[in-house]
Amino acid sequence: MYTSDSALRAFREARRTFIAGSRIDMGALADSLGVDRTSLFRWVGNRDRLLSEILWSLAVPTLDAAAAAAAPAGAARIVDVLDRFTADLIEAPYFRAFLTREPARALRLLTTTHSDVQRRFVDRVTALVDEERVDGSFDPAPLSSEELARLLVRISESFTYADLISGETPDPVRARATFEYVLRPTTTPLRTTGDR
1 MYTSDSALRA FREARRTFIA GSRIDMGALA DSLGVDRTSL FRWVGNRDRL LSEILWSLAV
61 PTLDAAAAAA APAGAARIVD VLDRFTADLI EAPYFRAFLT REPARALRLL TTTHSDVQRR
121 FVDRVTALVD EERVDGSFDP APLSSEELAR LLVRISESFT YADLISGETP DPVRARATFE
181 YVLRPTTTPL RTTGDR
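Using UniProt numbering, you'd call the opening residue of the sequence shown number 1 and step up by one each time.
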């Protein structure tokens, strides 16, 4: 994330443009800030880096809100967080506008192994799985927390970007059904107080 005042000012202006559903043009952004493109690139990096930071800045509060509204523990909590997050992405007008406007760039910035956004998303889901594992509410075995997180992120991506990947309509209901199928949430905790 950016730390200098100049970079933050450029980031906030670009973020407003993105949320409004418009394309971020680095030349126009530099003009609106009263600087040249060289200064802008020095502050925020190239357009892909700026877009990645904007996308992640919008993902974080969406993930936080999903976590706040989710079931209290176990596989049900993981399902709820991923379901709410995926549904919110599918329904966000500015996000759909970006996917429609720049589909190849969107997939590259959001779904490839070199993507900062995907790496951060995997890290967040890994932490979520780990919290439930440490609490004794969920066991990801035989996968590690990170391996399961990568699988869950791929499921989220396959439904969020279904129109770009396979020409199908993004469907949050089917996404939830798939998360439930993989995680098999139950109402019974995996470990009771008397277990060792």
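All residues carry an ideal CB built from backbone N, CA and C; glycine is no exception.
Keep in mind it's a predicted model, so treat the numbers as computed, not measured.
{"Query": "Nearest-angstrom Cα separation, counted from Arg16 out to Ala149", "Result": "31 Å"}
{"Query": "C-alpha distance - Leu109 paired with Gly74, whole-angstrom precision", "Result": "31 Å"}
{"Query": "Three-state secondary structure (DSSP) of Asp139", "Result": "coil"}
{"Query": "Alpha helix (DSSP H) segments (min. 4 residues) lying fully within the region 17 to 56", "Result": "26 to 33, 37 to 44"}
{"Query": "For Arg15, the three-state DSSP class (helix, strand or coil)", "Result": "helix"}
{"Query": "Pair within 8 Å by beta-carbon distance, Pro140 and Ile90", "Result": "no"}
{"Query": "Separation of Ser6 from Trp43, as counted between CA atoms", "Result": "7 Å"}
{"Query": "Alpha carbon of Ile19 to alpha carbon of Ala59, nearest angstrom", "Result": "12 Å"}
{"Query": "Start and end residues, alpha helix (DSSP H) containing Ser166", "Result": "Segment: none, Ser166 is in no alpha helix (DSSP H) and carries neither H nor E."}
{"Query": "Residue span of the alpha helix (DSSP H) that contains Tyr2, given as start and end", "Result": "Where Tyr2 is concerned, there is no enclosing alpha helix (DSSP H), given that its DSSP letter is neither H nor E."}
{"Query": "Asp64 burial status per 10 Å Cβ neighbour count (16 or more: buried)", "Result": "exposed"}
{"Query": "DSSP state of Arg77 mapped onto helix, strand, coil", "Result": "helix"}
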